[in-house]
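Asker: So the sequences go chain by chain: A and B.
Quick note: the first sequence uses numbering that gives the first Met the number 0, first residue 0, plus one each step.
Quick note: the second sequence uses numbering that gives the first Met the number 0, first residue 0, plus one each step.
Glycine included, each C-beta is placed from N, C-alpha and C at the ideal position.
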Amino acid sequence: MTDKPITTPEPSLRAHSPEVSAARARRWGSFYYAEQVLRVMRNYGWSVVLYSVGQPVAYLFAMGVGLATLVDANSGSAFGGVSYLEFVAPALLVSAAVMTASGEFSYPIMDGFKWRRVFYGPHASPLIPQQIASGHIMASSLRFLLQSVVYFAVVAMFGASPSPWGWVSALVATVAALSFGLPLMAYAASITQDKGQFALVQRFIVMPLFLFSGTFFPLDTLPLAVRWIGWISPVWHGTELGRVFTYGMDEPPLLTIIHVVFLVAAAVVGWVLVRRQFVKRMGS
Amino acid sequence: MNRPTVISARSLTKAYGDLTAVDNISFDVPAGESFGLLGPNGAGKSTTMKMIGGVSQRTSGSLSIMGLDPETHGPEVRAHLGVVPQQDNLDEELRVRENLIVYGRYFGLPLRYLRPKADELLEFAQLTDKANSKVDALSGGMKRRLTIARSLINEPRILLLDEPTTGLDPQARHILWDRLFRLKESGVTLILTTHYMDEAEQLCDRLIVVDKGRIMAEGSPASLIREHSSREVLELRFGSERNATIGVELEGIGERLETLPDRVLIYAHDGESALEQVTARGLRPMTSLVRRSSLEDVFLRLTGRSLVD
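#1: Could you name the residues that DSSP lists as bridge partners for ILE207(B)?
#2: Does the distance from the C-beta atom of ILE190(B) to that of LEU159(B) stay below 8 angstroms?
#3: Does the stretch 270–282 of chain B touch the stretch 196–213 of chain B, meaning 3 or more C-beta pairs lie closer than 8 angstroms?
#4: Is the stretch 127–146 of chain A touching the stretch 63–73 of chain A, taking contact as three or more C-beta pairs under 8 angstroms?
#5: Which residues, taken in chain order from the stretch 99–117 of chain B, show a beta carbon closer than 7 angstroms to some beta carbon of chain A?
#6: So is the beta-carbon of ASP204(B) under 7 angstroms away from any non-hydrogen atom of the ligand SAH?
#7: Run through DSSP, which three-state label would THR19(B) get?
#8: Along chain A, which residues have their Cβ under 7 angstroms away from the Cβ of PRO74(B)?
#9: Which of the residues in the stretch 132–148 of chain B, read from start to end, lie with their CB under 8 angstroms from any CB of chain A?
#10: Measure the C-alpha to C-alpha separation of ARG115(A) and LEU177(A) and round it to an integer number of angstroms.
#11: At the 8 angstroms Cβ level, is VAL81(A) part of the contact set with chain B, yes or no?
#12: Starting from THR188(B), follow its DSSP beta bridges and name the residues at the other end.
#13: When you compare only the Cα positions, how much space is there between LEU218(A) and GLN35(A)?
#14: So within the stretch 237–262 of chain B, which uninterrupted alpha helix (DSSP H) runs reach at least 4 residues, ignoring any that extend past its ends?
#15: Tell me the residue span of the beta strand (DSSP E) that contains ILE64(B).
#16: Tell me, which residues are paired with THR193(B) by DSSP?
#17: Look at ALA185(A) and VAL273(A) and say whether their C-beta atoms are less than 8 angstroms apart.
#18: For the alpha helix (DSSP H) that contains SER287(B), what are its first and last residues?
#19: Would you give the residue range spanned by the beta strand (DSSP E) that GLY281(B) belongs to?
#20: Give the DSSP bridge partners of PRO29(B), in chain order.
#21: So what's ALA33(A) in DSSP terms, helix, strand or just coil?
#22: Using DSSP's beta-bridge definition, name the partner residues of TYR266(B).
#23: So that I know if they touch, is there some Cβ in chain A lying closer than 8 angstroms to that of GLY303(B)?
#24: Look at ASP296(B) and SER219(B) and say whether their C-beta atoms are less than 8 angstroms apart.
#25: With a cut-off of 8 angstroms, does the C-beta of VAL21(B) fall near any C-beta of chain A?
#26: Using CA coordinates, which residue listed in GLY53(B), GLU200(B), ARG262(B) is at the minimum distance from LEU37(B)?
#27: Once the 5 residues before and after PRO207(A) are set aside, which same chain residues still bring their CB inside 8 angstroms of it?
#28: Could you name the residues that DSSP lists as bridge partners for GLY81(B)?
#29: Name the chain A residues whose beta carbon is nearer than 8 angstroms to that of ALA273(B)?
#30: Check the Cβ-Cβ distances between PRO84(B) and every residue of chain A, and say whether any is below 8 angstroms.
#31: Applying the criterion that 16 or more other CB atoms from any shown protein chain within 10 Å of the CB defines a buried residue, is VAL225(A) buried or exposed?
#32: Would you say GLU162(B) reaches chain A, if we count a Cβ-Cβ gap shorter than 8 angstroms as a contact?
#33: By Cβ distance below 6 angstroms, which residues in the same chain neighbour PRO128(A) in space, the five residues on each side in sequence not counted?
#34: Name, going along the chain, the residues of the stretch 88–119 of chain A whose beta-carbon falls closer than 9 angstroms to a beta-carbon of chain B.
#35: Our contact map puts THR165(B) next to GLY35(B) with C-beta atoms below 8 angstroms; I'd like the distance itself, whole angstroms only.
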């Protein structure tokens, strides 16, 4: 028990005025919320790091070394003149980022609105819903970027990125993660009842995108009936763009531009929908 | 009243479709007052709090907090407030002390202020030895105190408390009341909702009794009791079968008679002499109790229902 008064007269210990709080929150609020998300992530930081390193090592070893010995012996020039390891590495990098995004932008959003209602705490502070959304997106993007940089480093160690521009593929993976993740986040923010929707998203959207986005074989080897999956897939656009950077894949410049426009447009539209959905859910 | 008004509501209304949760209510709260909204669950108390806190839009009427409209100046209004919501929404994955620091960051407060402030507030909330515990290891009462400590991180002059002690055991409630009373003494304006009459009596200078979104009465706890009830109440139990029919035999004793399923209440200035009259009529209640009138009686009088169903 203590009888200390709660307002301390020492000048160094005074909070700044509400006017200053509001002005700072209006300006920097998204960053303040991102800081919270990163602090929470730090709690499971080791599992993030181990996952970021372990996953590429396992996948590259299995696909790029194990499977590749068979593929390279029989493929001729099916992969545009590069080894199977080089072909598959950027696809795995992009897919990993997209899969992480499918986690960060689904369950935590439900948690924020419904399960533990973590978004409502900051909303009682000067932060506005749009900033809470942006903060979550910014912190998650940082995670995708760090994971992709680590992934790329492993790719480079496997000698699977001959081009000096290969590192750009880590940025591509981050943008691809957002172009898939932000529309998903907008959807997650619109759900009020958990009826297993996220498990369905994993099984019927994330998995098909992973398998049919030119990940393990070129998209044009697929029949037209399923090839369209690739065309609307952030994984395909990201993978193809990644290949341009890691080994200089030969494709028409217009197609490269389409990849960039597709990825950026999906992310921007997603972000707009997310903001709208957060305001709808929480007020202003 | 010469203290400045910090909260002013005029014809405040909130409707969800056909349901009018808050129906045309008006009140003013001067600085430093401890103001309560007393009413049963579903009376519209939390909805009113959300509108004051600038997180729910009103349907009509006007509302001003520190001279600002929470609808157009949400961040500015919320920067003035400390908010203790009905449901704790602490960061369960962060440690106790970190919860306070993270929350302070939302106000743009620097760490050199937040670190000592967090320690001071943990002391105030009697959680110093839990500073590095995970939130999910805390008891319900501790979580509530942490939520209150968190709401004070920006040194607000107005504190909104929505059902601050619901779900807590009696000892935890008393600790919390003591903390809130200290805040009140330090000049913080408290706005609290409760469906506990004892809480309202302990903490509120003035309150409004709300039912179905409307204000039924307004005043200090003492004046409400004076106005709407007798000084004392005689509570009699005749067994659940007889309670309903005994009313006729008790007629004429006290000022007013209220028959509840489990007991009969006789409102009288002098409870003991009312009890003498009862026994003089040859009636033998199983138990009898004389007590002072409370806000519960006021609510019963105004609405015909108990506060806690």
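Answerer: If we stick to the structure as given:
#1: According to the DSSP secondary-structure assignment, ILE207(B) is paired through a beta bridge with LEU36(B), GLU217(B).
#2: The answer is yes: Cβ separation under 8 angstroms.
#3: Of all C-beta pairs linking the stretch 196–213 of chain B to the stretch 270–282 of chain B, fewer than three are shorter than 8 angstroms, placing the two stretches out of contact.
#4: The answer is no - the stretch 63–73 of chain A does not touch the stretch 127–146 of chain A, with fewer than three Cβ pairs under 8 angstroms.
#5: When C-beta distances to chain A are compared with 7 angstroms, the residues of the stretch 99–117 of chain B below that value are VAL101, TYR102, ARG104, TYR105, PHE106, GLY107, LEU108, TYR112, PRO115, LYS116, in chain order.
#6: The ligand SAH is not among the ligands present in this structure, which contains no ligands whatsoever.
#7: Residue state, collapsed to three classes: strand.
#8: Within chain A, the residues placing a beta-carbon under 7 angstroms from that of PRO74(B) are ALA21, ALA24, ARG25, PRO125, ILE127, ordered along the chain.
#9: Listed by position along the chain: nothing, the set is empty.
#10: Straight-line spacing of the CA atoms in ARG115(A) and LEU177(A) works out to 24 angstroms.
#11: So, not an interface residue.
#12: Bridge partners of THR188(B): ILE157(B).
#13: Near 41 angstroms, if we compare the C-alpha coordinates of GLN35(A) and LEU218(A).
#14: DSSP runs (the alpha helix (DSSP H)) wholly in the stretch 237–262 of chain B: 246–249.
#15: For ILE64(B), the enclosing beta strand (DSSP E) covers residues 59–64.
#16: In the DSSP output, where bridge partners are listed per residue, THR193(B) has LEU37(B).
#17: Yes; because the gap between Cβ atoms is below 8 angstroms, this pair is in contact.
#18: Careful: SER287(B) lies outside any alpha helix (DSSP H), inside the beta strand (DSSP E) at 286–291.
#19: Run containing GLY281(B): none; DSSP gives neither H nor E here.
#20: Answer is THR4(B).
#21: In the structure shown, ALA33(A) adopts helical secondary structure according to DSSP, grouped into three states.
#22: Answer is VAL232(B), ARG255(B).
#23: Using beta-carbon distances, GLY303(B) does not count as an interface residue toward chain A, since no partner is under 8 angstroms.
#24: It is not a contact, given that the beta carbons lie outside the stated cut-off.
#25: Using a Cβ-Cβ cut-off of 8 angstroms, VAL21(B) does not count as an interface residue toward chain A, since no Cβ of chain A sits closer than that to its own.
#26: Among GLY53(B), GLU200(B), ARG262(B), the Cα nearest to that of LEU37(B) belongs to GLU200(B).
#27: Contacts found: ILE228.
#28: The partner list for GLY81(B) (beta bridge, DSSP) reads LEU158(B).
#29: Taking the beta carbon of ALA273(B) as reference, no residue of chain A falls within 8 angstroms; the closest one sits roughly 42 angstroms away.
#30: Answer yes: the Cβ-Cβ gap between PRO84(B) and chain A drops below 8 angstroms somewhere.
#31: The residue is exposed, with fewer than 16 neighbouring Cβ atoms inside 10 Å.
#32: By this cut-off, GLU162(B) is not an interface position.
#33: So the list reads PHE277, VAL278, MET281, once near-sequence residues are dropped.
#34: Residues ARG115, ARG116, VAL117, PHE118, TYR119.
#35: The pair is not a contact, with the Cβ atoms about 14 angstroms apart (cut-off 8 angstroms).
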